[in-house]
Amino acid sequence: MVSVLQKVLGDPNEKALKKLTPFVREINGLEPEFQKMTDEELLGMTGEFRSRLAAGEGLEDIMAEAFTAVREAARRNLKQRHYDVQLIGGLVLHRGQIAEMKTGEGKTLVATLAVYINALEGKGVHVVTVNDYLARRDPVWMGSIYHALGLTVGCLQHDVSFIYDPEVKDAPAGMEFLRPASRPEAYQADITYGTNNEFGFDYLRDNMALDKANRVQRDLNYAIVDEVDNILIDEARTPLIISGPAEEPVQLYQSFAKLVTRLEKETDFTIDERTQSISLTVEGISKMENWTNTTNLYDPENYHQVHYMENALTAEISKIRDKDYVIQDGEVVIVDDFTGRLQPGRRWSDGLHQAVEAKENVKIQRESITYATITLQNYFRLYQKLSGMTGTALTESDEFYKIYGLEVVAIPTNLPMGRNDHSDLVFQTEDGKWNVVIEDIATLHESHQPVLIGTTSVEDSEYLSERLKKRGVPHQVLNAKNHEHEATIVAQAGRLDAVTVSTNMAGRGTDIVLGGSDTGRDGWKDEHDKVIGLGGLYVVGTEHHDARRIDNQLRGRAGRQGDPGSSQFYVSLEDELMQRFGGDRIKSIMGWAGLDEETPVENKIITKSISGAQVKVEGYHFDMRKHLLDYDDVLNKQREIIYEDRFETLSGESLKVKFVDMLRREFAEAAGHHLPGKHIDNWNPAGLIDELNQICPLPPELATEDQIYEWDRDQISEILNDFAATVYETRDQDVGEEQARTIERLLLLRAIDTHWVQHLTAMENLRTGVGLQAYGQRDPLVVYRSEGNKMFGNLQVAIESEVVHTVFHASLTQQPPQGGGRRQAPAATPKESPMAAINDTDRAAAPVGGSGKVGRNASCPCGSGKKYKRCHG
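Our numbering applies: residue -5 is where the sequence shown begins, and numbers increase by one.
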């Protein structure tokens, strides 16, 4: 259907490229003029461009000249001139789209075009990479271009930051020209390179800062995301979380880890091969109830037991050692499913990581309390403009558009593709497949042709390595266990006789150059030509990945910039993907044909079946990511409101007006509760006086019941409004305005942080609980949205009430920090930090805590939405 529409309407990608062709011609026409400029004149163009922008011109008006300036700066400083197709890539990025560019087509150089023109506005440009190595390499590599044009470049690394400075001497290898700098300085640079995690966590920390001077990021203006499919799709389901340890009994994890090993597959639980979800059978439920002395396992009172049981089952059945995680230094370290890299410091949430630790009998680290969290999906949607680049995006173009509003444009290669992609070889069994793979690799190695073998797990890479050792084939292994040598191993994978076994992690950021990456060494040209004569790099895929683009990334390692190359996938009907989608049916056909396990089949129907299975899995994963986003959007709107309110508080904007308004609302609510209606028979002036006295000392005219009876409700409202302003003025005179504002700021920050942390935990619990609503014919998302919004309303009321009941009883005992160091992920709850500067001498109300006592101004636990003191207090 798609191909028919393209014939009728034309290929939309071709149309997009045609629209950009005139700009390329214009840039080429300007090039001779810029080549005549001196270095000083070229440097001066940046000032001229900025002056024109300040005078009212737009970026489109200066685009051709700006691109030409970057091309010329690259030619002079890197001896690299942007090809015409690279100019097209830069235009696509500048217009807020995704540029799909094949491996080796120079994405890093392409990005400089869009980076430069957008940096001219002075609002900051972020270049987002997949790892610290690339975040360090790219500014070192491209920094001379930006420096020649007068722009500053920052670089973020974990816990450290740098500024590009060509005057820096004697820097370590890989850190050339990088001068240590503060985090704010790196962000104030025109251009900042860093990983998605560094940018995201800095955003969260900024929104936990206790002083405006401790915030490091500017407004999120424009980001170019390198390997955009990896960051915005593969990583999308993993939220960024700043957390601290909670008090959880670790023995429950250990108990359930032992219990689930007694359950039998099919008899006690079933596994949905498509979704990989695990469900207890009736018999399994009965056993668990018996073992845990529980009458009804799924009664709401037993949610905590279900939580431990489900995590223990998932850990035992679905999380496989050396595939999903490895044990390193006595800790469970996650292996990224798509890149194959270790993820130290990252933990599965909601108790799953603890369940895996219990399964492996290593030290169980306590579950954590979430202080701040955001998904990458919602973080990157905060940018005013977003674009990305990758070698593989077209297969996910629908998701990019539906989630991020990003269109994908495939950029033509500079030279014709020289890679030969062979049809899949399909085997009946895994053993048969591996036997043929080993022999084919040995044959290729004997011919001296370089071979890159891709596996889907650490376990498979180590198995293949052992088999190759026994076969006498020397090789390098690149997987999550030795990822620190990644760049070196991949860079030499194109040399004669090279055999490289890799997980999916190979292929991100480092080109495989035929003959080796050290192109300046003696004999490189001869070796390069010999490898070309042998057919270039030969890529072997030992199993298809769930996603087609991961397969395409592996294939894309060969055939760089018109080089020859080949790719061959070996598939077993016992592979995970085939088992989940029709492998048994195809296996019976092959058995019927009388084929043995080492005889492969090349069949278009089977190949099409594999591709169809991948499409199904991709669709399933998209649904999962969309499902996550639907839920996170509820919390995201609340997060935006809280963070905006928090920023206004940090900035000290209209704090006095805000507090007077809060005081008036609290007075009005108290009057409405104690003096209902116009009939004084229903009034309780003593209750009103008592409640107002808890907030602040009352004047004589408000402190007697008789006086209150003399007024009507309108008069009382007017008197209370005037009193709110008067009592605040009196307090300012007593304390001093500057100190009063500081107290207000710290009190409000404490209340926001304390209640927000509690709210995040409550929302996590709500999300866990609403899963059972589906059994009551209610959409869990609708329930989550409705209940979550009610809880957020209660949160806002609780914040106001707490600060109003505290502000007149608080005093400043020491000055809060001014500027200074960077707040790290907290080891204690945020409420403890701002209050180092506050002495709360007479707090009448306390938030709901772990003790079971309910503060009078907190939301009533009955769920009415009223304050506890006005409900069951």
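Note that beta-carbon positions come from the ideal geometry of N, C-alpha and C, so glycine has one too.
- Selection 626, 718, 666 and 456 evaluated against residue 373 yields 626 as nearest (Cα-Cα).
- In this structure, the CA atom of residue 539 is about 44 Å from the CA atom of residue 142.
- Under the 8 Å Cβ criterion, the segment 360 to 368 does not count as touching the segment 62 to 81, having fewer than three qualifying pairs.
- With a cut-off of 8 Å on Cβ pairs, the segment 159 to 167 is not in contact with the segment 176 to 196, counting fewer than three such pairs.
- For residue 43 against residue 36, the beta-carbon gap comes to about 12 Å, at or over 8 Å, which does not count as contact.
- Contact between residue 104 and residue 93 holds: CB atoms are separated by about 7 Å, below the 8 Å threshold.
- According to the DSSP secondary-structure assignment, residue 216 is paired through a beta bridge with 119 and 379.
- Exclusion of the five residues before and after residue 200 leaves 209, 210 and 211 as the residues of its chain whose Cβ lies within less than 7 Å of its Cβ.
- In this chain, residue 314 is not harboured by any alpha helix (DSSP H), its DSSP state being neither H nor E.
- Collapsing the DSSP output to three states places residue 355 in coil.
- Between residue 83 and residue 136, the alpha-carbon positions lie close to 17 Å from each other.
- 276 is the residue among 250, 377, 248 and 276 whose C-alpha sits nearest the C-alpha of residue 261.
- The beta carbon of residue 404 is closer than 7 Å to those of 7, 94 and 388 in its chain, skipping five residues each way along the sequence.
- Spatial neighbours of residue 187 in its own chain (CB-CB distance under 6 Å, excluding positions within 5 residues in sequence) are listed in chain order as 121, 129, 132, 133 and 149.
- Below 8 Å, enough C-beta pairs join the segment 721 to 738 and the segment 653 to 660 to call them touching: three or more.
- Taking residue 592 as the centre and dropping the five residues before and after it, the same chain places the C-beta of 421, 426, 429 and 430 closer than 8 Å to its C-beta, in chain order.
- In this structure, 758 is the residue among 780, 758 and 124 with its C-alpha nearest to the C-alpha of residue 298.
- Between the alpha carbons of residue 628 and residue 780 lies a distance of about 9 Å.
- For residue 470, DSSP records a beta bridge to 494.
- Judged by beta-carbon spacing, residue 550 lies beyond the 7 Å limit of residue 530, meaning their Cβ atoms are not closer than that value.
- In this structure residue 220 touches residue 383 by the C-beta definition: roughly 6 Å separates them, less than 8 Å.
- For residue 6, the uninterrupted alpha helix (DSSP H) segment begins and ends at 6 to 29.
- Note that the segment 437 to 454 touches the segment 485 to 499; at least 3 beta-carbon pairs, one per stretch, sit closer than 8 Å.
- For residue 653, DSSP assigns no beta-bridge partner whatsoever.
- Here the segment 634 to 642 does not lie against the segment 681 to 699, with fewer than 3 beta-carbon pairs under 8 Å apart.
- According to the DSSP assignment, residue 687 belongs to the alpha helix (DSSP H) that extends over 679 to 689.
- Residue 98 sits away from residue 543, with the two beta carbons spaced by 7 Å or more.
- It is roughly 16 Å from the alpha-carbon of residue 691 to the alpha-carbon of residue 665.
- Secondary structure remark: continuous alpha helix (DSSP H) runs of at least 4 residues inside the segment 111 to 179, in chain order: 126 to 142.
- In the DSSP assignment, the residues bridged to residue 564 are 419.
- According to the DSSP secondary-structure assignment, residue 265 is paired through a beta bridge with 272.
- Per DSSP, residue 797 is not a residue of any beta strand (DSSP E); the alpha helix (DSSP H) it occupies stretches across 774 to 800.
- About 7 Å separates the CB atoms of residue 367 and residue 754; that is less than 8 Å, so the two are in contact.
- As the crow flies, the alpha-carbon of residue 486 is around 19 Å from that of residue 462.
- Residue 613 counts as exposed, since fewer than 16 other beta carbons sit within 10 angstroms of its beta carbon.
- The DSSP-derived three-state label of residue 367 is strand.
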